[in-house]
Amino acid sequence: MTDSWVRALRAGLDGEVDADERRRTEYSSDASNYRVRPAAVVFPRGADDVATALELARAEGLSVTARGAGTSVAGNAIGTGLVLDFSRHMHAVLRIDPETRCARVQPGVVLAELQRAAAPHGLRFGPDPSTQNRCTLGGMIGNNACGPHAVAWGRTSDTVRELRILDGAGVERTLGDDPAVVPGLTEFTHRHLALIRTELGRFERQASGYGLEHLLPERGSSAARALVGAEGTCGLLLEAAVELVPLPAATLLVVLGYADMATAADDIAAVMACAPVAVEGIDARLVDVVRAHRGTVPELPRGGGWLFVELAADSAELAHETAIRLCRTADALGTRIVSNASEAARLWRIRADGAGLAGRTPAGAPAWPGWEDAAVPPGRLGAYLREFDELMRSHGVDGLLYGHIGDGCIHVRLDLPIADAPRRFRAFLEDAADLVVRHGGSLSGEHGDGRARSELLSRMYSPQALAAFGEFKSLFDPDDALNPGVLVRPRPIDADLRLAGLRPTPPVGGFAFPADGDIGTAVHRCVGIGKCRADTRAAGGFMCPSYLATADEKDSTRGRARVLQEVVHGELDWRSPAVAESLDLCLSCKACGSDCPAGVDMATYKAETLHRRYRGRLRPRDHYALGQLPRWLAAATRIPRLANALTAVTPLRRLGLRAAGMDPRRAVPTLAGRSFRAEWSRRRAHRPVREHPPVMLWVDTFTSAFAPEIAWAAVEIIESLGHEIVVPERRVCCGLTWISTGQLDGARTRLRATLSALDEHIRDGGLVVGLEPSCTAVLRSDLGELLPDDPRSAPTARAVRTLAEFLTAEPGWRPPDLGGRTVLVQPHCHQHAVLGFEADRRILRQAGAEVIEITGCCGLAGNFGMQAGHYDISVAVAENGLLPALRADVDATFLADGFSCRTQAAQLGGRTGRHLAQLLLGR
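The letter at position 887 of the sequence shown is residue 2380 when you use my numbering, and the numbering goes up by one with no holes.
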């Protein structure tokens, strides 16, 4: 695409057009195995922009591919021409009509937003895929999405009343139940009645191919529903009218245990006789993975596979009666009726967590989509599962099974040999397709065919049916301008594979990546699930603060991973401007490390990238100022009054901040009159010897220099329990600021010194209690990844505790009474991601405090919010959680163990924060 053509496109649109290298890389993949770089990405603001983009693309000979959240696992949302992202601007719920139970929406609206808009009317949208907090209605219509409740409330195709589209020729059409609005469609249907009746719509989850069965007179002659599942190959959606269903008055969960998943599938008729609204199957191996990841799972009945059956009724009593009947009639090894909503939510979380954790096999190998949603008629599911298990063994692949047992759809990701054995990859998919066809099934049950399965349609459908598909598409898109290579004239299933030819990335003295082996494999953990695009705060998540502030794919964990994937493939250089732009607004909060279902740890990848980028080169000024801050603080704490006096002079402060690469709008925290380390040297000789084992207090640079009172509070608490406090003899540092700026050689130097200072204490079985969450997290996790071969790393990491972890493990310790006190808590991101906050919650709960927990990053995030160019984003991130919470409850005690969190609250919210140690002493 020429620059002049891009300028012409920009001139004709109200929305944005982006054709730079970074943006094209971000949109080169969805949640599938495929990679295709588009010529440009367009963010239309309305129907006129869509029409203009299509017209100009056709004139240039470019294809057009529609995209929502990019969560398609089949490669349905990528293309070589223009990619139209409808999620940025065209995302409105235009109208909710409670009388007709109908919603009119734009294609980019996220399903969760529609559910929130419908809920006050006692309504909801029926289909609910696991990606509902980020997938768009346009994408759901494109793929005919389903979800657990489709067994009762139908697929997306069952909900659509009307579609307003722009066809491939640029003609706007409003499709409903009259096929005559599309010239030739009525005649097409009449010619193919027999074919459609025999090959299409044989069972509910037959999602492969076009939904031509909806054109049949007995199915309503609906042109709109026939276009659902067309994967953007026939039209660009402008608006949709969809049906809503009433919220059930009462629901409860029944869990049934069976010997295995196949045996559970054999019993599906008995389960369906009780008219459930959802039936999900979960394999024991998947539960084991969730248990290992989360530490525990709720109680399950005896078995090696389970059915989670949700029942709905007009009252709780009626639902319970049905549950008892189900438990009596089901041929299960064990049963459990769960009427408590919170307990049911915990059990359903096994399913939700498992869907993400299935991205790894039980052996820890990466598992990929490609055969993740095949479906067979429910009566054949047990037999299919047994043969599928044999097929996996014969091909030497493995994966964790779960899925919609009630309607015969099974999900699995497999360790397919994509990178090094594409022939085996193809052979498995061909054999799997033949197996599902033998059972009368569908290659896809809800995700569509895309690039992953379209070539295999010839194994499922007759040549006449495939010809009819081509004829149907040509009625809407005669020039094949819309999403070519999908469904009709398909691309080969082994073309454009993102992993093909991937080789290990040579190390250069950075992180060890013990779970992956190298950064190239690590960045490919991101398969595009897109949870980083969701507002996960309602579920207690912290990911991804910069995306929540900008709503730009560039600032999502997925967008950054896509750019780094291009680097390890050799398409981009580590020093490329595209890489710098991509990582610039990453706060290194590490939340993705715990919140991303695939375990992507962008904070580590960013540090590794900065290490490679600036290795042997001059660094930005802030890397020396902020990245080596403990070094400068060691000097400043010797002259605190002078240092504070200089930073209090506004012109000097602003000049100094600018010179150091920092934002002059920031204040400089005030140094304590005497650091903890200086005072400890004076007082330690007078500390009495205690009867219990000594505890090493890890007093980080920030606590020592700026808030020594926190350390002294911790000393008082721990000594009151009979322990002697020890502090490292020499000034040592965890190297956090060196890590966050990618100065990994310097970080290792400091960590080795730390290990030497802690060695004797650790060898004697002593514990180390940290006060600053980010520094404590370094010792718990980064230490082992930067010094994996040092035999002292693992014992040290195991010995590290937060103050809350230490106290909750102390026999007989009880927190003070905080009854009637409201505590507003900001957990540190690194604590959320690495250390966990459960021990702190337990203490506050036992103390009787009323706890309001802020979810999300504070926005300062160590050096991020201080760096030049980040101030506005830092404030925007704070406005997502911290600042509104501070404004909403001005009388609550603000609790934040993190120095950054307290600093942000003080500078932007005017609130003084307390550390847990201070709170427990009433200070």
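We treat Cβ as the ideally placed atom computed from N, Cα and C, and that holds for glycine.
Just so you know, these numbers come straight off a predicted model, no measurement behind them.
Determine the contact status of residue i and residue j, defining contact as a CB-CB distance below 8 angstroms.
{"i": "leucine 1992", "j": "tyrosine 1703", "result": "no"}
{"i": "leucine 1840", "j": "valine 1764", "result": "no"}
{"i": "arginine 2285", "j": "leucine 2337", "result": "no"}
{"i": "proline 1734", "j": "valine 1675", "result": "Note on identity: in this sequence residue 1734 is alanine, with proline being the wrong assignment. Going by C-beta atoms, alanine 1734 is not nearer than 8 angstroms to valine 1675."}
{"i": "cysteine 2019", "j": "methionine 2036", "result": "no"}
{"i": "phenylalanine 1536", "j": "glutamate 1514", "result": "no"}
{"i": "proline 1531", "j": "threonine 1564", "result": "no"}
{"i": "alanine 2410", "j": "alanine 2207", "result": "yes"}
{"i": "tyrosine 2364", "j": "arginine 2146", "result": "no"}
{"i": "lysine 2083", "j": "valine 2327", "result": "yes"}
{"i": "alanine 1585", "j": "valine 1602", "result": "yes"}
{"i": "glycine 1796", "j": "glycine 1827", "result": "yes"}
{"i": "proline 2201", "j": "alanine 2165", "result": "yes"}
{"i": "arginine 2416", "j": "glycine 2406", "result": "no"}
{"i": "valine 2192", "j": "leucine 2148", "result": "no"}
{"i": "glycine 2352", "j": "valine 2370", "result": "yes"}
{"i": "leucine 2076", "j": "arginine 2110", "result": "no"}
{"i": "glycine 2023", "j": "alanine 1945", "result": "no"}
On the criterion of 16 or more Cβ atoms from any shown chain inside 10 Å, does residue i qualify as buried, or is it exposed?
{"i": "histidine 2185", "result": "exposed"}
{"i": "glutamine 1957", "result": "exposed"}
{"i": "alanine 1926", "result": "buried"}
{"i": "glycine 1788", "result": "exposed"}
{"i": "isoleucine 2132", "result": "exposed"}
{"i": "isoleucine 1955", "result": "The displayed chain sequence assigns serine, not isoleucine, to residue 1955. Exposed, since its Cβ has fewer than 16 Cβ neighbours within 10 Å."}
{"i": "isoleucine 1817", "result": "exposed"}
{"i": "glutamate 1711", "result": "exposed"}
{"i": "aspartate 1866", "result": "buried"}
{"i": "serine 2174", "result": "exposed"}
{"i": "glycine 1728", "result": "buried"}
Enumerate in chain order the residues of its own chain whose CB-to-CB distance from residue i is below 6 angstroms, with the five nearest sequence positions on each side excluded.
{"i": "threonine 1518", "result": "Arg2055, Val2056, Glu2059"}
{"i": "arginine 1718", "result": "Ser1650, Val1653, His1707"}
{"i": "threonine 1682", "result": "Leu1708"}
{"i": "serine 1947", "result": "Val1979, Leu1980, Pro1983"}
{"i": "cysteine 1639", "result": "Pro1620, Arg1648, Glu1939"}
{"i": "aspartate 1824", "result": "Asp1760"}
{"i": "arginine 1588", "result": "Arg1597"}
{"i": "arginine 1657", "result": "Thr1667, Leu1731, Glu1732"}
Checking the sheet assignment: what are the DSSP bridge partners for residue i?
{"i": "glutamine 2360", "result": "Met2155"}
{"i": "threonine 2386", "result": "Val2316"}
{"i": "tryptophan 2191", "result": "Gly2263"}
{"i": "histidine 1739", "result": "Correcting the residue type first, residue 1739 is proline in the shown sequence and not histidine. Looking at the DSSP assignment, proline 1739 forms a beta bridge with Leu1616."}
{"i": "valine 1751", "result": "Correcting the residue type first, residue 1751 is tyrosine in the shown sequence and not valine. The partner list for tyrosine 1751 (beta bridge, DSSP) reads Gly1798."}
{"i": "tryptophan 1861", "result": "Leu1907"}
{"i": "glutamate 1665", "result": "Leu1659"}
{"i": "glycine 1728", "result": "Asp1660"}
{"i": "histidine 2185", "result": "His2216"}
{"i": "isoleucine 1589", "result": "Ala1596"}
{"i": "threonine 1629", "result": "Val1603"}
{"i": "tyrosine 1527", "result": "Leu1990"}
{"i": "glutamate 2343", "result": "Thr2315"}
Apart from the five residues on each side of it in sequence, which residues of its chain come closer than 8 angstroms, Cβ to Cβ, to residue i?
{"i": "alanine 1766", "result": "Thr1822"}
{"i": "leucine 1928", "result": "Tyr1877, Glu1880, Phe1881, Leu1884"}
{"i": "aspartate 2115", "result": "Ala2153, Gly2154, Met2155, Thr2234, Asn2356, Met2359, Gln2360, Ala2361"}
{"i": "arginine 2106", "result": "Trp2067, Arg2068, Val2072, Ala2073, Gly2235"}
{"i": "proline 2007", "result": "Gly2277, Glu2278, Pro2281"}
{"i": "glycine 1892", "result": "Ala1851, Thr1854, Ala1860, Met1885, Val1905, Arg1906, Leu1907, Asp1908"}
Note down, in chain order, each residue of its chain lying with its Cβ closer than 7 angstroms to the Cβ of residue i, except the 5 sequence neighbours on either side.
{"i": "arginine 1617", "result": "Gln1608, Ala1611, Leu1737, Val1738, Leu1740"}
{"i": "aspartate 2238", "result": "Gly2002"}
{"i": "alanine 2027", "result": "Asn1626, Arg1627"}
{"i": "tryptophan 1498", "result": "Glu1553"}
{"i": "glycine 2013", "result": "Leu1995, Pro1997, Thr1998, Val2061"}
{"i": "valine 1790", "result": "Val1780, Val1783, Arg1784, Ile1843"}
Open item on the list: Which runs of the beta strand (DSSP E) at least 3 residues long sit entirely within the segment 2206 to 2237? Give them in chain order.
Closed with: 2216 to 2219
Task: alpha helix (DSSP H) runs wholly inside the segment 1765 to 1853, at least 4 long, in chain order - done: 1777 to 1787, 1809 to 1822, 1834 to 1850
TODO: With a floor of 3 residues, list each beta strand (DSSP E) that falls wholly inside the segment 1871 to 1952, ordered by position along the chain.
DONE: 1892 to 1897, 1902 to 1907
Open item on the list: If we require 3 or more residues per run, which beta strand (DSSP E) segments fall completely within the segment 1531 to 1561?
Closed with: Complete beta strand (DSSP E) runs here, min 3: 1533 to 1536, 1557 to 1560.
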